Structure formats: C-alpha cells, structure tokens
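Structure first, then comments.
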Amino acid sequence: MSDGPRYNFITGLPRSGSTLLSAILRQNPKTTAGMTSPVGSITNALRIMMTQNTEIKALVDDPARARILRGIFDGYYSEHQDKEVIFDTNRGWSGRIPELLHLFPEAKLIATVRDPAWVFDSVETIIRKNPIRQSSMVKPGMNIEARAEAMMGHDGFIGGPLGHLKEAVFGQDSHRVMIVDYRALCVAPDKALDAIYKFIDLPAHEHDFDRVEYMQEEFDAALNTPGLHTVRSKVEYQERQTLLPPNIFARLSSMAFWTGEMNTKAARVVIAEKAAIPLQPADTAATVPQNG
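So the sequence shown is numbered by my numbering: it starts at 69 and just counts up by one.
Next up, the structure:
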C-alpha cells in the first residue's frame, strides 16, 4: 500500500445532505470532497468488462484488476494527492462495500440519510420551482402517486439507494458504516462533524458553518433541474409544510428504518427525540439533542 491519501466514501440517500457534508468537509485542508463523482460509474463499468469480456478476463487476473481499479481513483484525484483523506461520493457505494474494502482495506463509509418522505418532498419542491422545464428525473405526465411509486421502486431514485443502505447497515461490514441524519447535520453540525472525524480517525477541524458554499450549475442544468446541488451559505434546519398528500407522506416516512433500535454495528449520528436512541458502537456515535 502507498503512503498516499486514505480513501473514504460518502453514500446514502439522495437529497439527504451529502452535498452539504462535502461542502463542509472541503473547508478542512486535510480533506477533499464533492458531489457524486464519475469514479463509481467508471470502476463499475471496468469491473464488469474485465470479468465478462472473454478475451480481457483471460489476460487480467485479480491482482491486475485491483491495480487498475485503484488506478482510476488515483488518476481522478491526482490533483489531491497532498490530502490526508479523500472522500468520494456515490450512492451506489453502500452496495459495493466488499469491493471497496478489497481495494482499500481501511476504508469507511459515511451514509447520509433523511426521512424518505422528506427526500421525495425535496425532489418535488425542486421540480415545482422549474415548472416550464421537464425534469429528466420524472417521466412526463405522471401524477404524484405515480412519481412516488417510481422513485421508491427497487431501482428508483430513492428506493434503489435505500435498498443498498439496508445492505450496508445490516451486512457483515456494518462496523465500517456511520449513518448521519440530515436533521442532525443541520441542527448541530459541530457535533456531527466531531463524530465523523472520530469515526474516520482524523483530528477535529474548526469549521465555519455560516459560510458553507457549493454549487454545480452545469450538472443541474443538464438534468433540467436547477438548484439540485446548490448549498445555502448557513447550515441550519428549516421547518416547513410538506407538499405531499398525507397518505404518501406516511407511507414513505415509515421506511426510515434507522430511527429505531437496530441489530447492527453501524454508528449513528441522529436527532434525539423523547428518548435517546441506543447507538452502536457507543464510542463512535453521537446523539444530537432536539434543541441542538
């Protein structure tokens, strides 16, 4: 293994604070992070090609495949080799933990989560802000029931990552995973970041949570969904009324499996409601009080 940067990974649900977390982490000179990178898609395509193409798989053995896949990471992040930790973001990483640990045995994953009802609500809000554009995230003419069904399907925008998240949280490598709830990140970002740094074995950093900025206008424009990855300057949680019908909200909200007791070794950073949720492992997790 080289003496270069350590690779850790940001994964989890869409619209759950991964871009916000990345924007905060970018303030730390020892780390780099960003929105979803192409590394996940490139390595997945290469892995499939190297194992399914008859000619290639005869010439490339497992050690060579591992070197090639690691080379994609080092090549993409060649300008950040001075960093101590590189965070690569992809919702699919939670379903590829064995592969990641084969390439980077010390890797850990930060899985941002949010009540699925509010994830869908957030998507609906963004789409409604651009009424004369047809977002590529939904099919034309679908009503809200159909959009919810499509997004929560096993390969849907929300349902796909949710399935991968369960695989990560309840799998044999769950001790490599930390769940970070969106509300906890917004209500008490200092406590959330302290827990994250402890989890990844990196000294804490003093962040400016009033000056956090990040945007990817070109990427969002390509999806016909402007504002999808824009981060507000000040980290704060904003209460508002949902746009969803009550039946849809209740159905989706019931899927937030991380809010109760779980038989897992995954760490959690969550909002404490009336009683604190048991956290595992206790020395790498934090409960954020309701009042921050």
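Every residue, glycine too, gets a C-beta built ideally from N, C-alpha and C.
Remember, predicted model here, so these are calculated numbers, not experimental data.
Can you tell me whether residue i is helix, strand or coil according to DSSP?
i      : result
Asp258 : helix
Thr332 : coil
Asp156 : strand
Thr104 : coil
Ile140 : helix
Ile268 : coil
Arg215 : helix
Glu281 : coil
Ile92  : helix
Leu253 : helix
Gln306 : coil
Phe238 : helix
Ala113 : helix
Lys207 : coil
Gly228 : helix
Phe188 : helix
Asp288 : In this prediction, Asp288 scores a pLDDT of 49, lower than 50, which makes its location untrustworthy; the coordinate-derived value is nonetheless stated afterwards. If DSSP states are grouped into helix, strand and coil, Asp288 belongs with the helices.
Gly72  : coil
His297 : Its pLDDT being 43, under 50, His297 is placed unreliably by the model, and the measurement read from it follows with that caveat. Three-state result, His297: coil.
Ser322 : coil
His275 : coil
Pro313 : coil
Met118 : helix
Arg133 : helix
Ser146 : helix
Alpha carbon to alpha carbon, how far is residue j from residue i? Give it in angstroms, no decimals.
i      : j      : result
Ile116 : Pro106 : 16 Å
Asp71  : Met220 : 42 Å
Thr180 : Gly80  : 5 Å
Val245 : Gly163 : 12 Å
Leu320 : Pro184 : 5 Å
Trp186 : Pro131 : 43 Å
Thr99  : Thr157 : 13 Å
Leu368 : Thr310 : This structure does not reach residue 368, given that the chain is present from 69 up to 360, and the question cannot be answered.
Trp326 : Ala126 : 43 Å
Glu235 : Gln149 : 31 Å
Ala335 : Ala216 : 29 Å
Val337 : Ala263 : 7 Å
Asp241 : Ala175 : 11 Å
Cys254 : Tyr305 : 5 Å
Arg159 : Val206 : 19 Å
Gly139 : Asn211 : 44 Å
Report the partner residues of residue i according to the DSSP bridge assignment.
i      : result
Asn198 : Asn198 is not bridged to any residue.
Leu177 : Phe77, Val245
Thr99  : Val153
Do the CB positions of residue i and residue j come within less than 9 Å of each other?
i      : j      : result
Ile178 : Val248 : yes
Gly313 : Pro82  : A small fix is needed here, since residue 313 is Pro in this sequence, not Gly. The answer is no: Cβ separation not under 9 Å.
Phe155 : Ile78  : yes
Gly231 : His243 : no
Gly209 : Ala218 : no
Val153 : Arg94  : no
Thr87  : Met103 : yes
Lys259 : Phe277 : no
Leu372 : Leu169 : Any answer about residue 372 is impossible in this case: the structure gives the chain only from 69 up to 360.
Ser90  : Ala101 : yes
Phe238 : Thr111 : no
Ile124 : Glu213 : no
Pro257 : His273 : no
Ser204 : Ile194 : no
Arg201 : Ser190 : no
So is residue i buried or exposed if we call it buried at 16+ other beta carbons inside 10 Å?
i      : result
Ser109 : exposed
Asn96  : buried
Pro271 : exposed
Asn76  : buried
Ile92  : buried
Thr119 : exposed
Glu192 : buried
Arg251 : buried
Pro199 : exposed
Arg308 : exposed
Gly227 : buried
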